[in-house]
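Since the structure comes first, as structure tokens, the remarks are kept for the end.
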Amino acid sequence: MSEPLNFSACVEAIESSYEFMLAYAAQGRDKEGVSGDGPSIRVFMMSLSDALGVLDVALKQEIASRAADNVAQLETFSVVLADDAARARAAVDMVLSVPSISSQLIDNLNASIHLRALLTSLFLMDEAVQSS
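Counting from 1 along the sequence shown, just add 1092 to a position and that's the residue number in our numbering.
Structure representation (structure tokens):
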């Protein structure tokens, strides 16, 4: 990653990667790079991994910049989000280690509890931060 991401940029990278992954899973590809133009699934997966790798620091910076009454609660929940991000990143990095990424593999990743927990926690935190 060329520059550190702030929290909103992390959310955007994670959300756009997940949206691409949903579309990729629906394509029924047996192998990566078969038909179709546009960005590679690996580009989005690497962006997702990078964003997950800096999410905790970016969120801590975001919370520290706030003068909200609920900072303690945001900090407490940030620990949950960091755990979710670490588990999701492990799954993403495992998928990236596979020589050819199929739609079925991405579909299974999309369905994993680790990625779902991350997305739910991330969107919950994003709304809480924006409301503070």
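Where a beta carbon is used, it is the ideal one built from N, C-alpha and C, also for glycine.
- Message: Cutting at 7 Å between CB atoms, please list the residues of its own chain near residue 1181, excluding the five before and the five after it.
- Response: Counting from one through the sequence shown, the residue named residue 1181 turns up at place 89. Cβ neighbours of residue 1181 beyond the five flanking positions: 1141, 1144 and 1145.
- Query: In angstroms, rounded to a whole number, what distance separates the CA positions of residue 1151 and residue 1119?
  - Reply: Counting from one through the sequence shown, the residue named residue 1151 turns up at place 59. Counting from one through the sequence shown, the residue named residue 1119 turns up at place 27. Rounded to whole angstroms, residue 1151 and residue 1119 show a C-alpha spacing of 34 Å.
- Please confirm whether residue 1184 and residue 1217 have their CB atoms less than 8 Å apart. Here residue 1184 corresponds to residue number 92 of the sequence shown, with the count starting at 1. Here residue 1217 corresponds to residue number 125 of the sequence shown, with the count starting at 1. For residue 1184 and residue 1217, no; Cβs fall outside 8 Å.
- Message: Let me check understanding here. Comparing Cα to Cα, which of 1122, 1147 and 1111 lies closest to residue 1102?
- Response: As a first step, residue 1102 is located in the sequence shown; it is residue number 10 there, counting from the start. When only C-alpha atoms are compared, the closest one is 1147.
- Message: Along the chain, where does the alpha helix (DSSP H) containing residue 1219 start, and where does it finish?
- Response: By 1-based counting over the sequence shown, the position of residue 1219 is 127. Counting along the chain, the alpha helix (DSSP H) containing residue 1219 begins and ends at 1205-1223.
- Task: In angstroms with no decimal places, state the Cα-to-Cα distance between residue 1220 and residue 1200.
- Result: The residue you call residue 1220 lines up with position 128 of the sequence shown. The residue you call residue 1200 lines up with position 108 of the sequence shown. Taking the straight line from one Cα to the other gives about 29 Å.
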